Each structure stands twice: as structure tokens, then as C-alpha cells.
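These notes concern the structure reproduced below.
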Amino acid sequence: MSDPALHPCFLGPYGENDALLEQLVVEFLRDHVYWRRNLHPEDPPAIPTRAHRTPGFEAMEATLRRELHALSAALKRSVPFHSQRYLGHMVSDLLLPALAAHYLTLPYNPNNVSEEAAPVTIDLELKVGLQLARMIGYVDDPSRADCAFGHLTSGGTTANFQGLRLALAMKAFPVALRAAGVPLARLPDDPQTAFNLMPAQALDLLADWQAWLADLTPTEHGHWQHAVTRQRIETLGLPAFFARHPTLSPPRVLAPVTAHYSWSKGMKLVGLGRDALRLLPERAMRLDLDGLDTELERCLHARQPVLMVVPVLGSTEFGTIDPVDGVIAARERFGSRGLGFAVHVDAAWGGYLATLFRATDGSLRPADAMRREFTSFPTPEVHAAFAALAESDSITIDPHKLGYVPYGAGAFVCRDQRAISLLSEDADYVFDGVDDRDFFHRHRHLGRYIPEGSKPGTAAAAVYVAHRVLPLDCEHFGRLQAQTLRNREAFVSAAEAFAERMRDRLHCTIPFPPDSNLVCLALNPRGNHSVATANDFVRALLRDLRGDDGGPPQSHAFFGSATTLRPDALGAADTRRVLCELHLDPDTLADPPDRAIEAGNDRLTILRHTLMNPFLLDTENGISYIERYFDYLSDRVARLLRPSGDCW
Numbered sequence: 106m107s108d109p110a111l112h113p114c115f116l117g118p119y120g121e122n123d124a125l126l127e128q129l130v131v132e133f134l135r136d137h138v139y140w141r142r143n144l145h146p147e148d149p150p151a152i153p154t155r156a157h158r159t160p161g162f163e164a165m166e167a168t169l170r171r172e173l174h175a176l177s178a179a180l181k182r183s184v185p186f187h188s189q190r191y192l193g194h195m196v197s198d199l200l201l202p203a204l205a206a207h208y209l210t211l212p213y214n215p216n217n218v219s220e221e222a223a224p225v226t227i228d229l230e231l232k233v234g235l236q237l238a239r240m241i242g243y244v245d246d247p248s249r250a251d252c253a254f255g256h257l258t259s260g261g262t263t264a265n266f267q268g269l270r271l272a273l274a275m276k277a278f279p280v281a282l283r284a285a286g287v288p289l290a291r292l293p294d295d296p297q298t299a300f301n302l303m304p305a306q307a308l309d310l311l312a313d314w315q316a317w318l319a320d321l322t323p324t325e326h327g328h329w330q331h332a333v334t335r336q337r338i339e340t341l342g343l344p345a346f347f348a349r350h351p352t353l354s355p356p357r358v359l360a361p362v363t364a365h366y367s368w369s370k371g372m373k374l375v376g377l378g379r380d381a382l383r384l385l386p387e388r389a390m391r392l393d394l395d396g397l398d399t400e401l402e403r404c405l406h407a408r409q410p411v412l413m414v415v416p417v418l419g420s421t422e423f424g425t426i427d428p429v430d431g432v433i434a435a436r437e438r439f440g441s442r443g444l445g446f447a448v449h450v451d452a453a454w455g456g457y458l459a460t461l462f463r464a465t466d467g468s469l470r471p472a473d474a475m476r477r478e479f480t481s482f483p484t485p486e487v488h489a490a491f492a493a494l495a496e497s498d499s500i501t502i503d504p505h506k507l508g509y510v511p512y513g514a515g516a517f518v519c520r521d522q523r524a525i526s527l528l529s530e531d532a533d534y535v536f537d538g539v540d541d542r543d544f545f546h547r548h549r550h551l552g553r554y555i556p557e558g559s560k561p562g563t564a565a566a567a568v569y570v571a572h573r574v575l576p577l578d579c580e581h582f583g584r585l586q587a588q589t590l591r592n593r594e595a596f597v598s599a600a601e602a603f604a605e606r607m608r609d610r611l612h613c614t615i616p617f618p619p620d621s622n623l624v625c626l627a628l629n630p631r632g633n634h635s636v637a638t639a640n641d642f643v644r645a646l647l648r649d650l651r652g653d654d655g656g657p658p659q660s661h662a663f664f665g666s667a668t669t670l671r672p673d674a675l676g677a678a679d680t681r682r683v684l685c686e687l688h689l690d691p692d693t694l695a696d697p698p699d700r701a702i703e704a705g706n707d708r709l710t711i712l713r714h715t716l717m718n719p720f721l722l723d724t725e726n727g728i729s730y731i732e733r734y735f736d737y738l739s740d741r742v743a744r745l746l747r748p749s750g751d752c753w
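Just so you know, the sequence shown maps onto residues 106 to 753 in our numbering.
Put into C-alpha cells, the structure is as follows:
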């Protein structure tokens with residue numbers, strides 16, 4: 106680890122900071138007990154002091170201890186995410202501030218759906234939304250009408266679903282206003298135009314409606330509120346809404362082929378169906394803007410509405426960064442031609458990398474200044490993508506990934522708080538804009554806007570405290586992210602040395618340059634030209650890297666994961682390039698097709714490495730666990746291949 110400032114931030118691979126965590130947990134557990142005893146000290150203890158000496162109490166305690174010991178023993182078989190030897194999935198050690206805040210809050214058991222159930226942590230959750238908004242460049246001043254709004258979710262899947270809900274509500278609301286006969290000057294004359302407004306135009310109409318409604322008498326107010334509510338898609342449902350407006354078609358969602366499978370789930374949940382999710386081609390595992398333009402042109406000419414386009418900021422499988430700036434430009438270009446759609450960025454993985462781009466004053470750091478800190482980060486394309494986040498309409502970020510906080514803590518943030526009122530269960534979308542309540546009072550009844558009916562306040566406390574101890578800028582939280590990118594640079598260098606060292610026995614390549622802290626490695630024994638054999642070889646390596654084999658974790662030298670390169674995702678040109686680098690015959694991808702698909706050999710299996718552990722480069726002890734991993738890999742390859750170098 107090259108940054109001593111991060112030493113107090115984690116419990117540590119060896120539990121080095123155990124005394125600090127234990128002290129904090131005991132101190133604040135006692136503080137909680139004092140709070141209970143001082144709530145109404147005149148109340149006598151309900152559990153008598155002699156209770157612990159009774160047979161029933163002792164039997165219960167014995168059972169409890171037995172079960173907890175059994176649980177503790179079973180958990181020793183857990184995957185050691187905290188270890189420098191873990192390079193697998195998107196998880197690592199937990200930030201000590203988040204862990205301590207989680208423990209501290211747990212006995213209070215707040216339910217963050219309303220201020221009655223969580224008078225403290227619900228405000229913390231709203232503040233977390235503002236912290237994340239500032240990190241990505243949204244307006245974070247709660248006194249401004251266009252301030253962003255964000256909340257936590259169980260994970261990225263729910264946050265993505267929230268993005269779909271909000272985009273659909275915004276898209277259909279102008280149609281409801283028109284159907285109800287609301288006399289607004291900027292209201293389009295026909296449903297087709299109303300349904301295809303740009304998000305900013307729809308938001309202007311919402312503001313016009315709220316201002317107009319505020320000037321009405323109470324009777325008129327109630328009449329028009331009821332009239333618009335009856336026309337909303339949330340009231341009618343999709344079949345009735347589109348039956349009432351036969352010139353309209355259900356909208357599509359456009360996402361890259363690397364998009365997380367949660368988008369398929371969300372499309373089903375929102376009622377649009379899986380077929381309305383159109384997967385766009387990739388170029389080097391990044392969204393192909395030419396392919397996006399082609400699809401949008403097709404939709405424009407077919408009068409096919411588009412709900413949103415979803416660029417991915419750090420794909421789950423490959424960590425690549427889509428050209429968010431190009432998608433924003435497409436939104437403006439096609440919106441001006443009558444095809445409006447929202448841009449929702451799925452930054453579940455890469456969202457916290459934005460701390461590297463954010464100066465302490467909240468401004469965007471110039472690319473040149475950032476490049477002086479790294480070997481190859483950020484590329485101009487990556488810097489442009491992060492700079493464009495501020496222009497997106499909404500975003501998903503997972504604090505329980507690169508935020509290093511306990512599960513489950515995803516987050517949804519929309520750029521303008523006024524939009525979220527359309528999701529309210531109690532017609533809050535009629536909020537008239539002149540109410541003098543502040544931001545926190547307005548949004549404190551969080552349950553009105555979110556899918557969940559219950560949600561833990563512990564997550565809000567953990568994320569909030571983590572962000573307070575390590576503010577979301579380059580000088581604080583960004584230092585942790587910077588370490589992960591140094592891990593990546595060290596890994597790429599070690600992989601190149603490994604490939605050179607093993608060239609007489611193995612073909613090895615990084616299939617595409619990594620954008621973030623996730624690196625894939627493709628391997629094939631020298632002399633082999635079959636994809637099936639190459640896949641079997643990598644799966645054999647993976648058997649010793651998997652952490653779910655039921656054995657003790659001590660039996661594994663390292664832990665890793667794998668993914669696959671599919672020709673439909675990689676594209677024909679990149680597929681040929683990668684197979685050529687590995688000396689594999691492209692025809693063996695489907696030879697024969699039915700057997701290849703059944704065995705998973707219609708795609709190439711590769712190793713996948715998540716390099717988020719800040720202790721991979723242990724400069725304190727002069728150890729690089731990345732170098733040790735490649736030493737281990739060299740040994741495993743030697744064991745799997747015959748001494749003659751023939752194919753395994």
C-alpha cells in the first residue's frame with residue numbers, strides 16, 4: 106500500500122485496527138444503553154436483576170451461545186473479501202468508519218421510510234443523496250429549485266428500476282396534462298409531440314403546471330388535480346394508457362450489450378417487457394456511438410418512442426467506461442428533432458471513481474493534472490465521460506461496491522428534485538412551488554417516492570459517516586480510488602511480464618485496455634487452436650481460484666473469478682483480433698453449434714480481476730500480492746501443461 110493516509114480506514118487484512126474498532130463498538134454500545142436507561146429513569150427495570158440466575162435464563166443463554174458459536178464456525182468458510190489474495194468479484198474490505206457507524210446505529214433499528222420511523226437517519230440519507238450529487242457534478246444546494254435529489258436502495262438493481270419509473274412518469278406526464286385539458290401555453294398540440302419531449306421540456310411543463318395550480322381556488326385545485334391524476338399512466342396502467350392514445354407506442358430502452366441483467370428485470374417490473382430493451386453494439390467493450398445513432402434514426406423514422414438510453418460507467422464484467430458525453434450529445438441532437446429521451450447512467454461500479462475528478466471546491470479537475478498522477482489514466486475518452494455525468498438525467502451508484510460500505514447500499518440520484526414528485530404515492534406532484542418548506546422537510550417522507558416499504562437506516566448512517574470522514578473529492582475518498590488504479594497499473598505491467606515469461610508455453614493477452622480497476626486476462630496453451638480446449642484450460646485454472654468450492658479458504662492461495670467474451674458483445678472485428686492474439690481458430694467458436702452452445706464454447710472464457718483492495722501493493726512489507734498472484738499463476742500453468750509444452 107503506497108498511501109499511509111489510508112491506514113486507519115480499514116480493519117485491515119490482519120485485523121491490525123481491531124483495538125480501535127472494538128473500542129468504538131463497546132463505547133457506543135454503552136452509550137446506547139445509557140440512552141435507554143435515561144429515557145425515563147423513573148421506570149423500573151422490566152427484567153429483574155436476578156433473572157440471569159434462573160434456570161430458564163441460563164438455558165436460553167447456553168442455547169444462544171451454542172448457536173452463535175456454530176454460526177461463527179460456519180462463517181469461517183466465508184470468502185475472505187478482506188484479503189489481499191482476493192481478486193475476484195466487486196467486493197473488498199469495509200471502511201472502518203462505515204462499519205462502526207453501522208454497528209452504532211443497529212440497536213436503534215431505524216426504518217428509513219418516514220421521519221416517524223427514523224427521525225435522524227432519514228435526514229442522513231437525504232444528505233447522502235446531496236453528497237453523491239456533488240460528487241458527480243449535479244446541483245447540491247438544497248435552497249435551489251433545481252437541486253438534485255437522491256436516496257439509498259438495496260442495490261443497483263432497485264436504483265435502475267427507480268430510474269425506469271421516473272423516466273416513464275416524466276415521459277407520460279405531458280400526455281396526461283393534455284388529455285385532462287389543462288390550459289398551459291407550452292403544452293404540445295398532439296400526443297405524439299407531448300410523449301417525445303426532452304426531459305428538460307417535460308420538467309418545464311411540470312413547473313408550469315405547479316405554478317398554474319397554485320393560483321386556483323381550493324375547489325378548482327381539487328378538480329384539476331383529480332382530472333390529471335385520472336389521465337396518468339400510473340393510474341391507467343400501460344394497456345389502458347396506450348389504448349386511450351392509439352397513436353403512441355410503448356417506448357424502448359436502449360442499453361449496451363454489456364448492460365447488467367438487472368435492466369431486463371426492470372423492464373419486466375415496469376411493465377414494458379424484455380423485448381422493449383434493445384441492446385446496442387459495442388466497440389472494444391464500450392458503447393458504439395455509431396450503433397446508437399443508427400438505432401435512434403430507426404426509431405425516429407418509425408415514430409418509435411425511446412424512454413431512455415443507458416450508458417454504463419464501469420461495466421460489471423469488464424469495468425469499461427461508455428462514452429457518456431456522446432450519449433448526452435445524442436440526446437440533444439435527437440431531442441431537437443422530436444425524439445426526446447432521458448439519459449440514465451448505470452454507474453453502480455464506476456460511480457465513486459468520480460471522486461478522482463472532483464477537486465475539493467467541487468470543480469472538475471483538468472485531465473492533464475490527473476494524468477501526472479498515473480501512467481495512463483484517465484484517457485481523453487474517460488475524462489470526457491466523467492465530465493459529462495453532470496448532464497445526465499439520473500444515475501445509479503453502489504456505495505457497497507467502490508464505496509466500501511456494508512451491503513446493501515445502492516443509490517439513485519436524479520439531477521432535478523422536481524422530477525421525483527411524479528413518483529409520489531400521495532399526489533405530491535401537485536406541489537405548487539411556493540411552499541416555504543425546506544428541502545429536508547419536503548423529502549423526509551421518503552417512503553412516498555421509493556419502491557420499498559421498509560429500508561434500514563443503518564445503511565444511511567454507514568454511508569453518511571464514511572463520506573464525512575472521507576469527503577468525496579480527490580484529496581480524500583479519491584486517494585482510495587487512486588490506489589486501486591495504481592493496482593491496475595501494476596497488474597497490467599505484471600501481466601505483460603508474465604506473458605513474456607510464459608511465451609514458450611502460453612499465449613496471454615489483455616483483450617482490451619482497462620478503463621478502471623478491473624482487468625481481464627485471456628489465456629491459451631501454445632499449440633492449441635480450439636476455443637473449447639482454451640476454455641477447458643481456463644476453467645481448470647479457475648477451479649483453484651473459486652471461493653465457493655466448500656473447502657476452507659486457507660486451501661486457496663488466491664481467489665479470482667471469470668467471465669466470457671461473447672462475439673455478439675465484442676463485435677466481429679474485436680473477436681477476430683482477440684482470437685488471433687491467442688492463436689485460436691474462429692471457426693471453433695461454433696464447431697458444432699449445438700454442442701458448442703451447450704458447453705459454453707460459443708464464447709471465450711477469460712479470467713477477471715477486481716483490483717479494489719488497497720493493500721495489494723504492500724509497500725510497508727515490500728510485498729506485491731499482484732506479483733505473487735502471477736507467480737502462483739505461473740506455477741498452476743506449469744502443472745496443467747505437459748513438460749514438453751504440448752497442449753493440456
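A virtual CB, placed ideally from N, CA and C, is assigned to each residue, including glycine.
In this text, all values refer to a predicted model and were calculated from it rather than measured experimentally.
{"Asked": "Are the segment 379-394 and the segment 666-680 touching, with three or more C-beta to C-beta distances below 8 Å?", "Found": "yes"}
{"Asked": "What is the residue span of the beta strand (DSSP E) that T715 lies within?", "Found": "709-715"}
{"Asked": "Could you give the uninterrupted runs of the beta strand (DSSP E) lying entirely in the segment 581-650, keeping only those of 3 residues or more?", "Found": "611-614, 623-630"}
{"Asked": "Is it true that the CB of L585 sits closer than 9 Å to the CB of S553?", "Found": "It is worth fixing the name first, because residue 553 is Arg in this sequence and not Ser. Not a contact, by the Cβ cut-off of 9 Å."}
{"Asked": "Ignore the nearest five residues each way along the sequence and tell me which others in H194's own chain have a CB closer than 8 Å to its CB.", "Found": "S666, T715"}
{"Asked": "L269 and V411 - do their beta-carbons sit closer together than 9 Å?", "Found": "no"}
{"Asked": "Between the Cα of H546 and those of E221, S420, I338, spot the shortest distance and give me the residue it belongs to.", "Found": "E221"}
{"Asked": "Can you say whether V539 is buried or exposed, counting buried as having 16 or more other CB atoms within 10 angstroms of its CB?", "Found": "The predicted position of V539 is uncertain, since its pLDDT is 40 and thus under 50; a value taken from the coordinates is nonetheless stated next. V539 comes out exposed."}
{"Asked": "Verify whether the separation of the beta carbon atoms of V636 and L694 is less than 9 Å.", "Found": "yes"}
{"Asked": "List, from N- to C-terminal side, the alpha helix (DSSP H) runs of 4 residues or more that fit wholly inside the segment 107-161.", "Found": "123-144"}
{"Asked": "DSSP state of V184, grouped into three classes?", "Found": "coil"}
{"Asked": "How is L507 classed by DSSP in three states: helix, strand or coil?", "Found": "coil"}
{"Asked": "Taking the alpha carbon of M240 as the reference point, which residue from E437, H581, H661 has its own alpha carbon closest?", "Found": "H581"}
{"Asked": "What first and last residue would you give for the alpha helix (DSSP H) that runs through H406?", "Found": "394-406"}
{"Asked": "In whole angstroms, what separates the C-alpha of A253 from that of F347?", "Found": "31 Å"}
{"Asked": "Applying the criterion that 16 or more other CB atoms from any shown protein chain within 10 Å of the CB defines a buried residue, is N726 buried or exposed?", "Found": "exposed"}
{"Asked": "Out of L392, A595, D723, L689, point me to the one whose CA is closest to D707's CA.", "Found": "L689"}
{"Asked": "Apply the 10 Å Cβ neighbour rule to M165 and answer buried if 16 or more other Cβ atoms are within range, or exposed otherwise.", "Found": "exposed"}
{"Asked": "Following the continuous alpha helix (DSSP H) through M372, name the residue where it begins and the one where it ends.", "Found": "367-375"}
{"Asked": "Can R470 be considered in contact with the ligand HEM, in the sense that its beta carbon sits closer than 8 Å to one or more heavy atoms?", "Found": "Ligands displayed in this structure: none; no statement on the ligand HEM is therefore possible."}
{"Asked": "If you run the structure through DSSP and keep just helix, strand and coil, what is P361?", "Found": "strand"}
{"Asked": "Run through DSSP, which three-state label would S666 get?", "Found": "strand"}
{"Asked": "Would DSSP call Y243 helix, strand or coil?", "Found": "coil"}
{"Asked": "Taking the C-alpha atoms as reference points, what is the distance between V535 and A312?", "Found": "With a pLDDT of 45 at V535, under the threshold of 50, the modelled position of this residue cannot be trusted, and the question is left open."}
{"Asked": "First and last residue of the beta strand (DSSP E) that includes I500?", "Found": "499-502"}
{"Asked": "Per DSSP, what kind of secondary structure is G515 in: helix, strand or coil?", "Found": "strand"}
{"Asked": "Decide if the segment 602-617 is in contact with the segment 731-739; the criterion is three or more beta carbon pairs, one per stretch, under 8 Å apart.", "Found": "yes"}
{"Asked": "Thinking A571 and A264 are a contact (beta carbons under 8 Å), I'd like their distance in whole angstroms, please.", "Found": "The Cβ separation is near 18 Å, so there is no contact."}
{"Asked": "Only counting runs of 3 or more residues, tell me where the beta strand (DSSP E) segments fall wholly within the segment 424-456, in order along the chain.", "Found": "447-452"}
{"Asked": "Classify N592 as buried or exposed, calling it buried when 16 or more other Cβ atoms lie within 10 Å of its own Cβ.", "Found": "buried"}
{"Asked": "To which residues of the same chain is H112 closer than 6 Å at the C-beta, ignoring the five residues directly before and after it?", "Found": "none"}
{"Asked": "State whether the segment 410-428 contacts the segment 619-634, with contact taken as three or more CB pairs (one from each stretch) at a distance under 8 Å.", "Found": "yes"}
{"Asked": "Under the three-state reduction of DSSP, which class applies to R391: helix, strand or coil?", "Found": "strand"}
{"Asked": "Out of curiosity, what's the CA-to-CA distance linking D537 and R379?", "Found": "Summary for D537: the model assigns pLDDT 43, below 50, so the residue's position carries little reliability, and this model does not support an answer."}
{"Asked": "With which residues is P561 paired in a DSSP beta bridge?", "Found": "N216"}
{"Asked": "Counting only runs that start and end within the segment 325-363, where is the alpha helix (DSSP H) found for 4 or more residues in a row?", "Found": "338-349"}
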